[in-house]
Amino acid sequence: MALYALGDLHLALGAADKPMDVFGGKWTGYMEKLQENLSILRQEDTLVIVGDFCWALGLSEAEADFRFLSQFPGRKLFVKGNHDYWWNTAAKFERFCQEGGFADMHLLHNNCHFYGDIALCGTRGWFFEEEQGGSHDEKVFRRELIRLETSLKAAGEMEKYCFLHYPPRYRGYVCDEILALLKQYRVSLCCYGHLHGDSHKLAMEGLYDGTDFRLVAADFVNFQPVCLVP
């Protein structure tokens, strides 16, 4: 049994005008890389996808992308990313998975899931690029804080791993409110995505204020799921 994390797959099987190969570099042949690297998953494993799973504009358009992922065994948990336009309510997502035969796929949103003695918590998070007119969209930001704390509270006293799409800290920026929650609830590990290409050099990994931070964006880890617990 193993726990993995990977972000920013940006699948485009249902949105053919969005293949990431056009960016070249590490993205060249990325579907073939995912096909090979995801084959390590076993039925007893858990994979957390930290946002930007695919480009689809709705669940029906996303079906081909979920069907691609469903060929690999194990439980999959999804955090919302800024490009996950397919995202819908938990009830609609569960119905979509039941009708499509996508077993053991779940949203990590206003809740937490468990991997042995570890609670898996998370939400999208917040990023300065989301600011409108140079100031925080306070309503959206506060909602993300509430969602994160709801997830962390649901974990009780268990060890907590947190999965965010947006990095709560990187060179030149920190989200003090999210970092405060990670410290308050004694989060051991925080995985995040969103940073691509030249932005990789802005990532801040390693231990900070009691939490180990890791960037797991697909192009940063060469499309290889990052093993958190072997």
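One point on numbering: in the UniProt record's numbering, the residue at position 133 of the sequence shown is 133, and numbering is uninterrupted. We put the CB at the ideal spot given by N, CA and C, even for glycine.
For Thr46, the closest alpha carbon among the candidates Leu59, Glu63, Asn222, Arg75 is that of Arg75. Glu44 sits exposed, since fewer than 16 C-beta atoms from the chains shown fall within 10 Å of its C-beta.
Residue ranges of uninterrupted alpha helix (DSSP H) with 4 or more members, entirely inside the region 44–131 and ordered along the chain, are 59–70, 90–100. Note: Asp212 is bridge-paired with Leu189, Leu207 in the DSSP secondary-structure output.
About 15 Å separates the Cβ atoms of Ala64 and Tyr85, ruling out a contact at the 8 Å cut-off. The beta carbon of Glu205 is closer than 7 Å to those of Phe213, Arg214, Leu215 in its chain, skipping five residues each way along the sequence. The residues Lys80, in chain order, have a CB closer than 6 Å to that of Trp87 in the same chain once the five nearest residues on each side in sequence are set aside. Here the C-alpha atom of Phe220 lies approximately 32 Å from the C-alpha atom of Gly156. Around the C-beta of Ser39, fewer than 16 other C-beta atoms lie within 10 Å, and the residue is accordingly described as exposed. In the same chain as Lys33, and ignoring 5 residues on each side of it, the C-beta atoms closer than 6 Å to its own belong to Phe223, in chain order. Within the same chain, Val48, Val50, Val79, Gly122, Cys191 come within 6 Å of Phe163 by CB-CB distance, once the 5 residues on both sides are set aside. Annotation: the continuous beta strand (DSSP E) that includes Leu3 extends over 3–6.
Comparing alpha-carbon positions, the option among Ala62, Tyr4, Phe114 lying closest to Glu159 turns out to be Phe114. For Lys33, the enclosing alpha helix (DSSP H) begins and ends at 30–37. For Val229, no alpha helix (DSSP H) segment is defined; the enclosing uninterrupted segment is the beta strand (DSSP E) at 226–229.
DSSP places Leu9 outside any beta strand (DSSP E), giving it a letter other than H or E. Where Lys26 is concerned, there is no enclosing alpha helix (DSSP H), because DSSP gives it neither an H nor an E.
For Ala180, the closest of Ala154, Ala203, Gly210 by C-alpha to C-alpha distance is Gly210. The C-beta separation of Pro167 from Ala203 comes to about 7 Å, placing the pair in contact by the 8 Å criterion.
Taking all protein chains shown into account, Glu144 has 16 or more neighbouring C-beta atoms within 10 Å of its C-beta and is therefore buried. Taking the Cα positions, Glu94 is about 21 Å away from Leu148. Around the beta carbon of Ser151, 16 or more other beta carbons lie within 10 angstroms, which makes this residue buried. Just so you know, the alpha carbons of Lys92 and Gly197 end up roughly 34 Å apart.
In this model, Lys201 and Pro230 are separated by some 27 Å (Cα to Cα).
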